[in-house]
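Report on one structure; see the data block that follows.
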Amino acid sequence: MNRTSIKNKMILSFLALLLIVMAVVGAARQISDNVITGLAFSAALALAAGIIFGGIFSRSIVRRLNSLSGAAKEVSRGDLSKEIPLLSRDEIRDLEEVFARMVSDLRNIISEIKEVSTRIEETGRSLGVQIEKVLSSSREIDETALSIAKGSEAQSLIVQRTSLVFDKCLEQMNEAAQKSTQTVSRTVQALQKTETGEAKARETLHYLEEVLKQMVENAEPIYRLSGKVEKIKMVMDVIEELSRKTDLLSLNASIEATRAGEMGKGFALVANEIRSMAENSRHSSHEIRAIVDDIFKDNKAVLASLRKSETDIDKGRTLIHGIVGTFGEMLSGVKQISAEVQDVGEASRKQVQEMRGLLDQFQELSRLAHENFVSTQKTTINTKGQKEQIMEIARAAKSLQALSEKMVETQRRFRLPEA
Amino acid sequence: MDCFVFEAGGKRLGIEARCVYRVADDARPAAVPLAPPCHVGVIYYRGDLFDVVDAGLLLGDRSSLKDENPYVILLKWDQHKLGLIPERIAGMKWIEAPKGAEDVFTHDGRRIRLIAPEDIWRLLSDLSYGH
Numbered sequence: 001m002n003r004t005s006i007k008n009k010m011i012l013s014f015l016a017l018l019l020i021v022m023a024v025v026g027a028a029r030q031i032s033d034n035v036i037t038g039l040a041f042s043a044a045l046a047l048a049a050g051i052i053f054g055g056i057f058s059r060s061i062v063r064r065l066n067s068l069s070g071a072a073k074e075v076s077r078g079d080l081s082k083e084i085p086l087l088s089r090d091e092i093r094d095l096e097e098v099f100a101r102m103v104s105d106l107r108n109i110i111s112e113i114k115e116v117s118t119r120i121e122e123t124g125r126s127l128g129v130q131i132e133k134v135l136s137s138s139r140e141i142d143e144t145a146l147s148i149a150k151g152s153e154a155q156s157l158i159v160q161r162t163s164l165v166f167d168k169c170l171e172q173m174n175e176a177a178q179k180s181t182q183t184v185s186r187t188v189q190a191l192q193k194t195e196t197g198e199a200k201a202r203e204t205l206h207y208l209e210e211v212l213k214q215m216v217e218n219a220e221p222i223y224r225l226s227g228k229v230e231k232i233k234m235v236m237d238v239i240e241e242l243s244r245k246t247d248l249l250s251l252n253a254s255i256e257a258t259r260a261g262e263m264g265k266g267f268a269l270v271a272n273e274i275r276s277m278a279e280n281s282r283h284s285s286h287e288i289r290a291i292v293d294d295i296f297k298d299n300k301a302v303l304a305s306l307r308k309s310e311t312d313i314d315k316g317r318t319l320i321h322g323i324v325g326t327f328g329e330m331l332s333g334v335k336q337i338s339a340e341v342q343d344v345g346e347a348s349r350k351q352v353q354e355m356r357g358l359l360d361q362f363q364e365l366s367r368l369a370h371e372n373f374v375s376t377q378k379t380t381i382n383t384k385g386q387k388e389q390i391m392e393i394a395r396a397a398k399s400l401q402a403l404s405e406k407m408v409e410t411q412r413r414f415r416l417p418e419a
Numbered sequence: 001m002d003c004f005v006f007e008a009g010g011k012r013l014g015i016e017a018r019c020v021y022r023v024a025d026d027a028r029p030a031a032v033p034l035a036p037p038c039h040v041g042v043i044y045y046r047g048d049l050f051d052v053v054d055a056g057l058l059l060g061d062r063s064s065l066k067d068e069n070p071y072v073i074l075l076k077w078d079q080h081k082l083g084l085i086p087e088r089i090a091g092m093k094w095i096e097a098p099k100g101a102e103d104v105f106t107h108d109g110r111r112i113r114l115i116a117p118e119d120i121w122r123l124l125s126d127l128s129y130g131h
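Going down the list, the protein sequences come from chains X and A.
Each residue of the first sequence is one higher than the one before, starting from 1 at the first, in this note's numbering.
Each residue of the second sequence is one higher than the one before, starting from 1 at the first, in this note's numbering.
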């Protein structure tokens, strides 16, 4: 759009007025020769033209200024919804444009303020929630730190006690290592004694074999005697039977002699003698039988004893065989034990060394636990400070929220064009 | 008189020698059914059949049967034949004949009761058979 400045307009208007005056003056000269009248007429005409032009010009400016003033009043009341009309083509146009830009900027600012205040409000709310969370976390941290502190203290105590136990353990293991050394020497002695025992058992077995052989040789006559005694018993049975028959015969003879009366008396005497002899014979045979029975019983007892001795010796031989075997097993067992005890001793010594290292580590652990305790105490103090700072932040957030509310309140005073 | 002396049922008894026929051994009496407990059985000896009784149970208070092969005193008088199993036989003794009804006499300081074979037979006959 072509612009014309007020100055140019005024110059053009003056020139137009001058032209009109000159034309009027020219016309007046033709009409009248009177210069004064011409001049007066032209002056009046020029004045009238000036008044008309000036009125039109000033009204145009005032109208636009009034329009701007009205817009400014609306803006001052907070109404930014109306558009600023760009009516002029002169310097007032600049003012209108500047004013329109200012209103537009103001709208943008208010919109931004509104947005910012909304964001601040949201941020404030979010900050409040976060602060609550942080506070909760801080409390948890505080509690955890307290718990860690207690745990560290307990840990420190446990580690100290464990160190003491380890110390005692170490002493006992030292003793065990010393004892295992003694045990090694004793197992060596046991090994020697077991070897001696095995040799003695073998010797005893040899002697036992000899004794058994001797016993078998010695038992032969006794076995033979047993057979003879059996034969004697058989003979005794025959003798007893004979004496019994003789007795019976003499008894019947005496009966027959009695029945024969006087004639049989001599025979009766003989029969009685025979009977008496048979009685004596039976008595003697009874005695012999008793003696033979005793011999037989003794012989039987001797045989039983011999058999028992043989059985016992057999058992003894088996036992000694077992003992020899056991000694052999003991020997290998003792050798194994000796090797194992040596291994155990070596392992004990290594264990003592490792336990010493472990004890050092435990002491280090104790120190660390103590440091941990101190650190957690510091953490507790720091979390307390942090909590206070968070409270400060919370307070700041609250005031920020109040401020944003105030901003929103202020922003509500402005009316923006509807989107 | 000659007396045959034996022991049975804890008593020492004597019997007149003329009634004694024989003393047998290895006699195995055959049992008789329904006979009283003291009746051991019957044996056949040289043509005669003898009733054999346990003298201890019949004349005393305990059995005389102790041996598997006991002696049997065979008695023969009148028409009767009886066998007695004693505990022990003492043998033939000569004694003074008892006076009157007395049937007890003493020999070698021991009392001997003289018993008649008829009395033994009567004792046996009085027993209830079948029990």
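Even glycine gets a Cβ: it sits at the ideal position worked out from N, Cα and C.
C-alpha gap between residue i and residue j, whole angstroms
i	j	result
Pro29/A	Val40/A	7 Å
Thr118/X	Ser69/X	32 Å
Met92/A	Asp2/A	7 Å
His206/X	Gln214/X	12 Å
Met22/X	Phe53/X	17 Å
Ala72/X	Lys406/X	24 Å
Lys200/X	Thr318/X	15 Å
Ser111/X	Val408/X	11 Å
Met236/X	Val32/A	36 Å
Leu139/X	Asn382/X	According to the sequence shown, residue 139/X is Arg rather than Leu. Each residue's Cα considered, the two are about 12 Å apart.
Phe6/A	Leu58/A	14 Å
Asp126/A	His107/A	31 Å
Ser126/X	Lys387/X	18 Å
Cys38/A	Val292/X	37 Å
Contact set between residue i and chain X, taken where Cβ atoms lie within less than 8 Å
i	result
Arg18/A	Thr258, Arg259
Arg62/A	None at all; the shortest Cβ gap to chain X is about 24 Å.
Interface residues of chain X facing residue i [CB-CB closer than 7 Å]
i	result
Ile89/A	Leu251
Arg22/A	Asn252, Ile255
Asp25/A	Leu248
Asp2/A	Thr258
Sequence-distant residues of its chain with Cβ nearer than 6 Å to residue i (five each side left out)
i	result
Ile313/X	Leu212
Leu45/X	Val24
Ile158/X	none
Neighbour list for residue i in chain A, Cβ cutoff strictly below 7 Å
i	result
Arg275/X	Gly91
Three-state class that DSSP yields for residue i in the structure shown
i	result
Val32/A	coil
Thr204/X	helix
Lys11/A	strand
Thr4/X	coil
Asp67/A	coil
Met1/A	coil
Glu16/A	strand
Asp360/X	helix
Ile120/A	helix
Lys73/X	helix
Pro111/A	Strictly speaking, residue 111/A in this sequence is Arg, with Pro absent from that position. In the structure shown, Arg111/A sits in a strand (DSSP, three-state: E or B).
Lys300/X	helix
Ala339/X	helix
Lys82/X	coil
Ile323/X	helix
Ala27/A	coil
Asp61/A	coil
Phe414/X	coil
Contact set for residue i: own chain, Cβ-Cβ below 7 Å, skip 5 residues either direction
i	result
Arg202/X	Val324
Ser81/X	Arg415, Leu416, Pro417
Ser404/X	Ser117, Ile120, Glu121, Gly124
Ser180/X	Val341, Val344, Gly345, Ser348
Ala268/X	Ser254, Ala257, Thr258
Under 9 Å by beta carbon: chain X residues contacting residue i
i	result
Asp67/A	Under the 9 Å cutoff, chain X gives no residues; its nearest Cβ is about 11 Å from Asp67/A.
Proximity below 8 Å, CB of residue i to CB of residue j
i	j	result
Val184/X	Gln353/X	no
Pro86/A	Ala55/A	yes
Ile131/X	Ala394/X	yes
Gly10/A	Gly47/A	no
Val53/A	Leu124/A	yes
Ser163/X	Phe362/X	yes
Glu198/X	Phe327/X	yes
Phe41/X	Ala28/X	yes
Lys233/X	Phe296/X	yes
Closer than 8 Å at the beta carbon, the chain A residues around residue i
i	result
Ser254/X	Gly91, Met92
Same chain only: Cβ atoms within 8 Å of residue i, ignoring 5 sequence neighbours per side
i	result
Ile71/A	One detail in the question is off: residue 71/A reads as Tyr in this sequence, not Ile. Around Tyr71/A: Val23, Ala24, Asp25, Ile85, Pro86, Ile89.
Ile43/A	Ala24, Ala27, Arg28, Pro29, Ala30, Leu49, Phe50, Val52, Val72, Gly83
His370/X	Ser152, Ser156
Thr380/X	Asp142, Ala145, Leu146, Ala149
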